[in-house]
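A.B. asks: For reference, each letter of the sequence shown is one residue, going 228 to 294 in this note's numbering.
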Amino acid sequence: SKAANAVIIKQRLEALKDLIPEILKMEVSINHADAPAGNYDIMLDSEFRNLDDLHTYISHPEHQKVG
C-alpha cells in the first residue's frame, strides 16, 4: 500500500544518516493519510556543510539504492 511504502522509504532514508557522514541532519516525515491527494507523501529535510557534501550524498551508492 501507499502508506506501507512510505514507511519503508522513511526507514531507508533515515538509515542513510549512519552510512553517509556528510549528512549533518536529516528528518523524514510522512504526510497524514487523510491529507489531500495533491500533497506530498514524504518530506525530507536534510542539512549539509556545503554543496560538495550535498553532491556527495546525492551520488552516494546507498542513496542511489533508496532513490
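The beta-carbon is built from N, C-alpha and C at its ideal position, and this holds for glycine as well.
Nothing here was measured: the structure is a model prediction, and the numbers come from that model.
Return yes when the Cβ of residue 236 is within less than 7 Å of the Cβ of residue 284, no when it is not.
C.D. replies: no
A.B. asks: At the 7 Å Cβ level, is residue 269 part of the contact set with chain B, yes or no?
C.D. replies: This model lacks chain B altogether, as it is built from one protein chain only.
A.B. asks: Closest to residue 240 by CA distance: which of 257, 229 and 228 is it?
C.D. replies: 257
A.B. asks: List the residues that DSSP assigns as beta-bridge partners of residue 236.
C.D. replies: DSSP lists no partner for residue 236.
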